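Student: Each protein sequence line maps, in turn, to chains A and B.
In terms of full-length UniProt numbering, the first sequence opens at residue 1 and continues consecutively.
In terms of full-length UniProt numbering, the second sequence opens at residue 1 and continues consecutively.
Protein chains: 2
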Amino acid sequence: MPKKITMADVAEMAGVTKSTVSRFFNGGYVKKSTRDKIQKVIEQYNYVPNTFARLKAKESSVIGVVVPTLNSKVTSRVITSIDRYLRERGYTTLIKNSDHDIDLELQNIQKLIHLNVDGILISSIAMTKDHKKIFEETQIPVVVLAQDYEEGISIIDDDYNAGKYVGEYIGKTGHKKVGYIGVYETDVAVGLHRKDGVLDGLKAYGIVEPVLAKSDYSFIGGQKCTREILEEEKVDAIICATDRLAFGAYKVLQEKGLRIPEDVSVVGFGGYDESSLLTPELTTLKFDSYGMGYLGAETILKMLKGEPVSKKQIVEYEFIQGNSVKLEDLKDYNKG
Amino acid sequence: MPKKITMADVAEMAGVTKSTVSRFFNGGYVKKSTRDKIQKVIEQYNYVPNTFARLKAKESSVIGVVVPTLNSKVTSRVITSIDRYLRERGYTTLIKNSDHDIDLELQNIQKLIHLNVDGILISSIAMTKDHKKIFEETQIPVVVLAQDYEEGISIIDDDYNAGKYVGEYIGKTGHKKVGYIGVYETDVAVGLHRKDGVLDGLKAYGIVEPVLAKSDYSFIGGQKCTREILEEEKVDAIICATDRLAFGAYKVLQEKGLRIPEDVSVVGFGGYDESSLLTPELTTLKFDSYGMGYLGAETILKMLKGEPVSKKQIVEYEFIQGNSVKLEDLKDYNKG
DNA sequence: CTGAAAGCGCTTACAG
DNA sequence: CTGAAAGCGCTTACAG
């Protein structure tokens, strides 16, 4: 049972001192011939240095990433993208899942800070005073993903304009009575900005009193809200703040025998692959989650190097036209 | 700008030595009154100990988890479940993504070993000789998820029997010419066992020469293979090794104007939420991914405590009947 | 019940 | 170009 090899062991076997081996790994000066000796030992024993034992190093080469859940399409895309970017540049990604628990999220941030990570990327469903306080007090660079963060650096979706686009689209296509399934307003980006965009877009077409419902981010939540809306009023369109909520709407509408889009149009936000498989294909607005991860990772590394970065970067969106919105009315509208 | 607080700082402020603070955190003997003093300082400064500075500790309380991708429903469920289980028991989960790259996967394992993690959970799409060699050489407990590992401890899906169940189901319902979209055989669990189960199930009903296709795990791959199968022969059913592949099959069949299930039946493995939203609802076999994560985490902790564990644990599956398989033939079959 | 001292695996000025 | 020494933030026998 071969014991775990340490840097000192490698040094001894290579006939040098651990200072030299350390320099070997950190790009310091090492003569070619000794470099070769060290290399040989490393390969023979599959030695990898312990990233977390670099207690005295100025930089840890570790970036912490805090996410609200591991169980979401969008999050999966974002962290895949971050992890790839950082790995290719020699950084270690340390993922901390908060499981939709705000206290745990704050704890996770504290832990990362004390772990001496070089930077923190946080994708949160809410930016509270506590978050801001921690971020102000730490000297570690922080990039906030998906939420506005006026006091610092953030990468955000263009929630307001995306919402407005969708609101106008629904108005333009001649819908009269619209339901909106949103999320709680502690999530400022989705709960407020996206909603405001949608409402303003609708208003531009004279739709002023949509039926509003609020949900968590679940499939079940989408179903519940759809039932609430249908009980309250006879709507001809339901706009959902996420695709998953739209899946819930589909489920309930189909159960009730209502046709999409003939009886009720449905739109989502998300652009999941699966959405194009629904019948009818879901019309949805896709944010560039990979882009968000990429920009976030790029930005944090720039900050480490002291390069200037934008205070706020806005990620693109793309409207994906499916067949879940009734377009006939559009003709009437154009004629009228 | 408050500097980062260390254990020594906490000790000084509490008027004790860091040995005592360390004992405070690790359950050693500390008098109630000094415990209170330490507690107060900790709260005031939000102090959290650096988990990775426990270089001399016998146990690190860190469990490493290696996954082949972060971008899959099944993986998301498995790691969510692991993370939750471990967190509630005071362990830190360290997630390493291999991005479907086998070399990176081996590197990740090496890194975890040198990081001194207490145990490793690995979900792999292939168990190579290299994997086995590393696992044999290390003294760190390893639990393999989703792949058979005769030389050690594993938690597996019941791939063969699940496959057989589906094969028999398709046979029983009177299909005659069947296509199978599998994955590469380096993935022994899915590529071999699941396939063998399907083939044996079909054989029991006299279906002996299914049209076979092989794919990676992507939506695009599912589409490609579906086209190949359709070009090769007129099948009345396509069995897909994963739901995502089945999504690809849906896409292509619908494009070609073939009706599901009237013209071609489709079955998948996975039981994703979205599958029930397809039209027709996908008939699929669901493995208990949360259960797999739970069992994996439970097993590794048992191993740490020296408790006995089963060499192999098999996770349950559940057949979810949608409407994507033609059942009329079943009647004929029963009559005949 | 608590402290002093040695040490975990690494990095970093500082000599030479 | 490389080594000796001090130190990073912790833990752990060992005294007392």
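Each residue gets a CB set at the ideal place from its N, CA and C atoms; glycine is no exception.
Quick caveat: nothing in here was measured; it's all calculated off a predicted structure.
Spatial neighbours of GLY152 (chain A) within its chain, please: CB distance less than 7 Å, with the 5 preceding and 5 following residues excluded, ordered by chain position.
Tutor: Result list for GLY152 (chain A): PHE135, VAL142, VAL144, in chain order.
Student: Where does LYS326 (chain B) land, buried or exposed, given buried means 16+ other C-beta within 10 angstroms?
Tutor: LYS326 (chain B) comes out buried.
Student: Thinking ASP288 (chain B) and TYR317 (chain B) are a contact (beta carbons under 8 Å), I'd like their distance in whole angstroms, please.
Tutor: Going by Cβ atoms, the distance from ASP288 (chain B) to TYR317 (chain B) rounds to 7 Å, so yes, they are a contact pair.
Student: How would you list, in chain order, the residues of chain B whose beta-carbon sits under 7 Å from the beta-carbon of VAL48 (chain A)?
Tutor: Chain B residues near VAL48 (chain A): GLN110, LYS111, HIS114.
Student: Can you tell me which of A:ARG87, A:ASP263, A:VAL66, A:LYS4 puts its alpha carbon nearest to the alpha carbon of TYR47 (chain A)?
Tutor: Closest by alpha carbon: A:LYS4.
Student: Measuring straight from C-alpha to C-alpha, what distance separates ARG23 (chain A) and GLY291 (chain A)?
Tutor: Roughly 35 Å separates the two Cα atoms.
Student: Would you check if there are 3 or more beta carbon pairs closer than 8 Å linking the segment 108-115 of chain A to the segment 168-181 of chain A?
Tutor: Because the criterion of three Cβ pairs below 8 Å is not met, the segment 108-115 of chain A and the segment 168-181 of chain A do not touch.
Student: DSSP three-state call for GLN39 (chain A): helix, strand or coil?
Tutor: DSSP places GLN39 (chain A) in helix when its eight states are reduced to three.
Student: I'd like to confirm the pairing. Which residues does DSSP put opposite TYR169 (chain A) in its beta bridges?
Tutor: In the DSSP output, where bridge partners are listed per residue, TYR169 (chain A) has none listed.
Student: Give the range of the beta strand (DSSP E) segment to which LEU145 (chain A) is assigned.
Tutor: Unbroken beta strand (DSSP E) run through LEU145 (chain A): 142-145.
Student: Within 8 Å (strictly less), CB to CB, does MET1 (chain A) reach chain B?
Tutor: With a pLDDT of 40 at MET1 (chain A), under the threshold of 50, the modelled position of that residue is not reliable, and the figure given next carries that caveat. By this cut-off, MET1 (chain A) is an interface position.
Student: Under a three-way DSSP split, which group does VAL21 (chain A) fall into?
Tutor: In this structure, VAL21 (chain A) counts as helix in the three-state DSSP scheme.
Student: My guess is that ILE140 (chain B) and ILE120 (chain B) are in contact by the Cβ rule of under 8 Å, so how many angstroms apart are they, rounded?
Tutor: That belief holds up - the Cβ atoms of ILE140 (chain B) and ILE120 (chain B) are roughly 6 Å apart, short of 8 Å.
Student: List the residues of chain B whose Cβ lies closer than 8 Å to the Cβ of ASN161 (chain A), in chain order.
Tutor: The contacting residues do not exist; ASN161 (chain A) stays about 27 Å from chain B at best.
Student: So what's LEU121 (chain A) in DSSP terms, helix, strand or just coil?
Tutor: Of the three classes helix, strand and coil, the one that applies to LEU121 (chain A) here is strand, per DSSP.
Student: Taking its Cβ as the centre, do 16 or more other Cβ atoms sit within 10 Å of SER33 (chain A), making it buried, or is it exposed?
Tutor: Looking at its Cβ environment, which holds fewer than 16 other Cβ atoms inside 10 Å, SER33 (chain A) is exposed.
Student: Please list, in chain order, the chain B residues whose beta carbon lies closer than 8 Å to that of THR128 (chain A).
Tutor: Under the 8 Å cutoff, chain B gives no residues; its nearest Cβ is about 15 Å from THR128 (chain A).
Student: Determine, for ASN71 (chain B), whether the minimum Cβ-Cβ distance to residues of chain A falls below 8 Å.
Tutor: Cβ-Cβ to chain A under 8 Å: yes for ASN71 (chain B).
Student: Based on DSSP bridge pairs, tell me the residues matched to PHE219 (chain B).
Tutor: BP columns for PHE219 (chain B) are empty, so no partner.
Student: With 8 Å set as the bound, which would you pick, yes or no: does the beta-carbon of ALA53 (chain A) sit closer than that to a beta-carbon of chain B?
Tutor: At least one chain B Cβ lies under 8 Å of ALA53 (chain A).
Student: Please list the residues of the segment 233-253 of chain B that have a C-beta atom closer than 7 Å to any C-beta atom in chain A, keeping them in chain order.
Tutor: If the cut-off is 7 Å between Cβ atoms, the segment 233-253 of chain B has PHE247, TYR250, LYS251 near chain A.
Student: Can you find at least 3 beta carbon pairs, one from the segment 181-199 of chain B and one from the segment 150-166 of chain B, that sit closer than 8 Å?
Tutor: With a cut-off of 8 Å, the segment 150-166 of chain B and the segment 181-199 of chain B count as touching, because enough Cβ pairs lie within range.
Student: Check whether chain A comes within 8 Å of ASP157 (chain B), counting only Cβ atoms and requiring the distance to be less than that.
Tutor: Cβ-Cβ to chain A under 8 Å: no for ASP157 (chain B).
Student: Is it buried or exposed for GLY257 (chain A), if we count other Cβ within 10 angstroms and need 16 for buried?
Tutor: Result: exposed.
Student: Work out the CA separation of VAL267 (chain A) and ILE220 (chain A) for me, nearest whole Å.
Tutor: Cα-Cα distance, rounded: 17 Å.
Student: Please compile the residues from chain B whose C-beta is within a distance smaller than 8 Å of the C-beta of ARG84 (chain A).
Tutor: Per Cβ cutoff of 8 Å: ASP99.
Student: Using C-beta distances below 6 Å, list every residue in its chain close to ASN334 (chain A), excluding the 5 sequence neighbours before and after it, in chain order.
Tutor: Because ASN334 (chain A) carries a pLDDT of 45, less than 50, the predicted location of this residue cannot be relied on, and the following value inherits that uncertainty. Within the same chain, ASN334 (chain A) has no close Cβ partners at all.
Student: Between the C-alpha atoms of GLY206 (chain A) and GLU232 (chain A), what's the straight-line distance to the nearest angstrom?
Tutor: Straight-line Cα distance between these residues: approximately 20 Å.
Student: Quick check: what's the CA-CA separation for MET1 (chain A) versus THR20 (chain A)?
Tutor: Low confidence applies to MET1 (chain A): its pLDDT is 40, below 50, so where it sits in the model is not reliable, and the reading given next is rough at best. In a straight line, the C-alpha of MET1 (chain A) is about 27 Å away from that of THR20 (chain A).
Student: Is there contact between the segment 57-66 of chain B and the segment 227-247 of chain B, where contact requires at least three CB pairs shorter than 8 Å?
Tutor: Touching, no, given that fewer than three Cβ pairs across the two stretches are closer than 8 Å.
Student: In angstroms, rounded to a whole number, what distance separates the CA positions of VAL16 (chain B) and LEU245 (chain A)?
Tutor: Near 54 Å, if we compare the C-alpha coordinates of LEU245 (chain A) and VAL16 (chain B).
Student: Looking at the C-beta of ARG227 (chain B), does it have a partner C-beta in chain A at a distance below 8 Å?
Tutor: Chain A, which has no Cβ nearer than 8 Å to the Cβ of ARG227 (chain B), makes this no.
Student: Based on the DSSP secondary-structure assignment, which residues constitute the bridge partners of ASN97 (chain A)?
Tutor: Paired residues: A:VAL67.
Student: Rounded to whole angstroms, how far is the Cβ of LEU253 (chain A) from the Cβ of THR226 (chain A), which I believe are closer than 8 Å?
Tutor: That pair is a contact at about 7 Å.
Student: Under 8 Å between C-beta atoms, does PHE219 (chain B) make it to chain A?
Tutor: Yes, its Cβ sits closer than 8 Å to a Cβ of chain A.
Student: Kindly list, in the order they appear in chain A, the residues whose Cβ is closer than 8 Å to that of THR80 (chain B).
Tutor: In chain order: THR69, LEU70, ASN71, ASN97, ASP99.
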